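Okay, so here's the structure we're looking at.
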Amino acid sequence: EMCIRDSNHGNTASTSDTLEVDTITNVTLNEQAIGGDNTVNLAERNAGVVVTGTAEAGASVVVTMGTVSHTVTANSAGNWTATYAASEVTRGEYILPVKAVSTDAAGNTATVNGTVHIDTEIAVTIDTSDTENTNVADGVVNFVERSDGIVLHGTADADATVEVRFHNGVHTVKADANGQWAANFALNEVPQGLIEGSYPVVVKATDTAGNTATTNGMVKMDTWVNKLTSAEFVEGDNVVNSKEASDGITFTGQVEKGSSILVVFDGKTLPGKVDTNGNWSVTFAAGDIRSGEYAASINIHATDAAGNTRSLTDTFLVDTLAPDAPDMVGIFLQGQGTGQITGGVTQVAMENTPDSIQIHSYNSNGDGKTQLSTNADRYTNPGDADRIDFYFGKDHPVADGKHLVVTATDDNGNSNSTLLVLDEQSTNVVNVNAAGLNGFNIGAIDLTYADKSTLSLTKADIDKLSSNDNVLVIHGATDDAVTFQGIGNGAILTGTESINGQAYDVYNIGDDTVIKIDHDIVFNQSIVG
Numbered sequence: 024e025m026c027i028r029d030s031n032h033g034n035t036a037s038t039s040d041t042l043e044v045d046t047i048t049n050v051t052l053n054e055q056a057i058g059g060d061n062t063v064n065l066a067e068r069n070a071g072v073v074v075t076g077t078a079e080a081g082a083s084v085v086v087t088m089g090t091v092s093h094t095v096t097a098n099s100a101g102n103w104t105a106t107y108a109a110s111e112v113t114r115g116e117y118i119l120p121v122k123a124v125s126t127d128a129a130g131n132t133a134t135v136n137g138t139v140h141i142d143t144e145i146a147v148t149i150d151t152s153d154t155e156n157t158n159v160a161d162g163v164v165n166f167v168e169r170s171d172g173i174v175l176h177g178t179a180d181a182d183a184t185v186e187v188r189f190h191n192g193v194h195t196v197k198a199d200a201n202g203q204w205a206a207n208f209a210l211n212e213v214p215q216g217l218i219e220g221s222y223p224v225v226v227k228a229t230d231t232a233g234n235t236a237t238t239n240g241m242v243k244m245d246t247w248v249n250k251l252t253s254a255e256f257v258e259g260d261n262v263v264n265s266k267e268a269s270d271g272i273t274f275t276g277q278v279e280k281g282s283s284i285l286v287v288f289d290g291k292t293l294p295g296k297v298d299t300n301g302n303w304s305v306t307f308a309a310g311d312i313r314s315g316e317y318a319a320s321i322n323i324h325a326t327d328a329a330g331n332t333r334s335l336t337d338t339f340l341v342d343t344l345a346p347d348a349p350d351m352v353g354i355f356l357q358g359q360g361t362g363q364i365t366g367g368v369t370q371v372a373m374e375n376t377p378d379s380i381q382i383h384s385y386n387s388n389g390d391g392k393t394q395l396s397t398n399a400d401r402y403t404n405p406g407d408a409d410r411i412d413f414y415f416g417k418d419h420p421v422a423d424g425k426h427l428v429v430t431a432t433d434d435n436g437n438s439n440s441t442l443l444v445l446d447e448q449s450t451n452v453v454n455v456n457a458a459g460l461n462g463f464n465i466g467a468i469d470l471t472y473a474d475k476s477t478l479s480l481t482k483a484d485i486d487k488l489s490s491n492d493n494v495l496v497i498h499g500a501t502d503d504a505v506t507f508q509g510i511g512n513g514a515i516l517t518g519t520e521s522i523n524g525q526a527y528d529v530y531n532i533g534d535d536t537v538i539k540i541d542h543d544i545v546f547n548q549s550i551v552g
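Throughout the sequence shown, residue numbering follows my numbering, covering 24 to 552 in sequence.
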């Protein structure tokens with residue numbers, strides 16, 4: 024109010040008015056409202072980031088987030104809103120400063136500062152190389168590994184929620200502080216049966232900011248050895264005879280490619296050789312095969328590249344027992360029975376046997392040998408069923424200087440032969456090293472039908488002649504002589520044995536070598552050392 028006085032005249036006048044004083048203003052920033060939780064994820068960033076707060080109604084507010092500023096006006100209620108486009112917010116994970124400066128109509132200003140967490144990124148992985156957490160990363164689930172279920176694992180953001188979908192199972196797990204996650208799938212949630220293949224797995228991760236990421240993987244499963252066979256017949260007929268055993272037995276078959284094989288035979292285990300096509304083979308040496316006649320089996324164990332196992336048993340017969348050497352009954356000379364014997368043997372007789380018989384002749388001083396008869400030529404005398412005869416024919420007599428080898432072969436291919444010594448032209452010295460004897464197993468030498476035969480033997484001779492069992496039987500008479508040439512103790516008489524009612528002296532030569540000599544034969548020894 025103002026009063027004016029006129030001092031000369033005493034007059035006064037007055038007036039009044041109101042003066043408004045405005046020196047303050049205010050502004051607020053709602054940090055928690057940014058992104059709804061003070062964190063902006065990728066979806067929120069892409070939709071535009073909204074920053075809100077309050078100021079005086081009508082105030083101008085400059086909002087700066089990072090380096091980008093927007094000027095907005097508070098509405099009549101004092102609320103203001105600033106929206107930032109996706110292009111104005113850099114992707115990543117970081118803290119962004121936010122500042123709001125308000126200027127009211129009177130020019131007063133106020134400032135408020137805050138921060139917002141920008142988190143627009145997430146990563147997720149799956150590792151299917153080790154589904155057992157064994158640190159043996161072969162990338163394949165085998166039969167044993169599947170039996171207790173499998174473990175799928177990978178990485179994501181720390182504390183992220185991870186949803187894992189595989190076959191019949193869905194599991195939601197949480198990544199630890201280091202970002203590692205693992206999901207256990209029970210047996211009934213994984214593929215069943217004898218399988219080989221790859222099966223998809225889908226992983227979705229959601230971090231604490233709400234970002235999501237998805238990845239796919241394939242779980243490789245192999246739960247069986249898909250092939251394992253052995254040869255249909257061992258040695259062609261599923262029988263191993265003495266000759267076949269002498270050079271060992273080779274077993275063969277097929278297995279899944281990339282597998283390994285172990286074969287067990289008679290207590291011995293050997294690894295097999297497997298080629299790139301899955302053909303396997305293994306050889307057991309002659310020394311691994313027991314002599315005798317018995318049912319045998321091999322157990323074949325296969326392990327494929329995934330660690331699955333499969334076994335197979337195959338059976339066969341081992342028969343290494345040689346038949347008895349043919350027991351000769353007599354020989355027939357050309358013209359015998361007519362009074363006109365002209366020389367040469369045309370027929371032999373022997374004890375009947377179920378074994379197959381072959382007869383060869385050979386020249387004691389030459390290399391050649393000739394087959395005279397096969398089993399088809401055998402003749403059983405109706406008046407004597409215990410005897411069989413073989414007739415060579417009058418045009419092919421076995422003359423002096425040649426001898427006969429009579430061979431018996433059983434059903435399994437084992438053979439044993441009798442060397443039937445005939446008269447020589449000038450001397451009856453028997454040459455046991457004649458080339459014509461090669462290939463025969465001589466179990467007996469019969470000197471009976473040659474006059475005054477002489478025979479000289481060493482241990483090596485006996486072992487070579489009788490490779491079946493190193494036992495040699497020598498038949499003969501009082502006009503025959505046998506000399507053993509040895510070293511050390513020589514031939515040791517161990518007893519006698521009756522063969523067809525005749526006494527035979529049994530001598531042990533060493534190791535398993537034995538000679539059985541007709542007691543009527545003159546036996547001498549020539550020992551060195």
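For every residue, glycine included, the Cβ atom is placed at its ideal position computed from N, Cα and C. Since the structure is predicted, the reported quantities are computational estimates derived from the model, not experimental observations.
- Message: Among V496, D434 and D484, whose alpha-carbon lies nearest the alpha-carbon of L443?
- Response: Looking at the Cα atoms, V496 is the closest of the given residues.
- Query: Taking DSSP as the reference, what is the three-state secondary structure of K280?
  - Reply: Three-state DSSP puts K280 in coil, outside helix and strand.
- Can the beta-carbon of V248 be found less than 8 Å from the beta-carbon of T154? At least 8 Å separates the beta-carbon of V248 from that of T154.
- For A328, which three-state DSSP category applies? Residue state for A328 is assigned as coil, using DSSP reduced to three classes.
- Simplified DSSP state of K266, which is helix, strand or coil: Correct three-state label for K266: helix.
- Query: Going by Cα to Cα distance, which pick from W303, V213, A179 and P214 is closest to K197?
  - Reply: Considering only alpha carbons, the answer is A179.
- Item | Span of the alpha helix (DSSP H) around E212 | For E212, there is no enclosing alpha helix (DSSP H), as DSSP marks it with neither H nor E.
- Item | For A254, the three-state DSSP class (helix, strand or coil) | Coil.
- Contacts around G115, its chain only, beta-carbon distance under 7 Å, and the 5 residues preceding and following it disregarded: The residues are I141, T143 and E144.
- Since G499 and D543 are thought to touch, with beta carbons under 8 Å apart, how far apart are those beta carbons, to the nearest angstrom? Rounded, the Cβ-Cβ distance is 7 Å, consistent with contact.
- Using beta-carbon positions only, say whether I556 and T441 come within less than 8 Å of one another. As shown, the chain starts at 24 and ends at 552. That puts residue 556 outside it, with no answer to give.
- Query: Can you find at least 3 beta carbon pairs, one from the region 171-189 and one from the region 198-215, that sit closer than 8 Å?
  - Reply: Contact check between the region 171-189 and the region 198-215: three or more CB pairs, one atom from each, fall below 8 Å, which counts as touching.
- Message: For D528, list the residues DSSP reports as bridge partners.
- Response: Its beta-bridge partners are T519 and I540.
- Query: Whole beta strand (DSSP E) runs in the region 45-107 with 3 or more residues, listed along the chain?
  - Reply: Listed in chain order, they are 50-52, 72-78, 83-88, 91-96 and 102-107.
- Item | Touching by the beta-carbon criterion (3+ pairs, under 8 Å), the region 513-527 and the region 484-492 | Verdict: no, contact absent.
- Task: Could you tell me which residues DSSP pairs with K122 in its beta bridges?
- Result: DSSP links K122 through a beta bridge to T87 and N136.
- Item | Alpha carbon of D289 to alpha carbon of E316, nearest angstrom | In this structure, the alpha-carbon of D289 lies about 14 Å from that of E316.
- So, is T77 buried or exposed, given that buried needs 16 or more other C-beta atoms within 10 angstroms? T77 comes out buried.
- Item | Minimum C-alpha distance to F413 - residue among V225, N398 and H426 | Cα-wise, what sits closest to F413 is N398.
- Considering F546, what are the terminal residues of the beta strand (DSSP E) in which it resides? Start and end: V545 to V551.
- Can you give me the start and stop residues for the alpha helix (DSSP H) that A483 sits inside? Run containing A483: K482 to L488, per the alpha helix (DSSP H) assignment.
- Query: Alpha carbon to alpha carbon, how far is H324 from M244?
  - Reply: If I take the Cα positions, the gap works out to 21 Å.
- Query: CB N386 to CB G416, shorter than 8 Å?
  - Reply: No, the pair does not count as a contact, with Cβ atoms beyond the cut-off.
- Message: What does DSSP give as the partner residue(s) for A554 in the beta ladder?
- Response: For the chain, the structure presents residues 24 to 552; residue 554 sits outside this window and is missing.
- Query: How long is the line joining the alpha carbons of G101 and A82, rounded to whole angstroms?
  - Reply: Put simply, the backbone Cα of G101 is about 8 Å away from that of A82.
- Spatial distance of D347 from G466 (CA atoms): Spanning the two alpha carbons is a distance of roughly 8 Å.
- Query: Short check: CB of A109 to CB of N69, under 8 Å?
  - Reply: Going by beta carbons, A109 and N69 fall inside the 8 Å limit.
- Does the region 464-480 come within contact of the region 520-531, defined as at least 3 CB pairs closer than 8 Å? The region 464-480 vs the region 520-531: no contact.
- Message: On the DSSP letters alone, give me the boundaries of the alpha helix (DSSP H) that V167 sits inside.
- Response: Note, V167: alpha helix (DSSP H), F166 to R169.
- DSSP on D469, reduced to helix/strand/coil? If DSSP states are grouped into helix, strand and coil, D469 belongs with the strands.
- When you compare only the Cα positions, how much space is there between F463 and N439? Rounded to the nearest angstrom, the two C-alpha atoms are 8 Å apart.
- Message: Using only the alpha-carbon positions, how far apart do F507 and T332 sit?
- Response: Answer to the nearest angstrom: the Cα atoms are 58 Å apart.
- I380 lies in the beta strand (DSSP E); which residues open and close that run? Start and end: S379 to N386.
- Count the other C-beta atoms from every protein chain shown that fall within 10 angstroms of the C-beta of A396, then say buried if there are 16 or more, exposed otherwise. The question names Ala, yet the displayed sequence has Ser at residue 396. So S396 counts as buried.
- Message: Taking the alpha-carbon of V452 as reference, which of T432, G436 and H426 has the nearest alpha-carbon?
- Response: Comparing Cα-Cα distances from V452 to each of T432, G436 and H426, the minimum goes to H426.
- Message: Taking 6 Å as the limit between beta carbons, can you name the residues of its chain near G330, skipping five residues before and five after?
- Response: Correct list, in chain order: N165.
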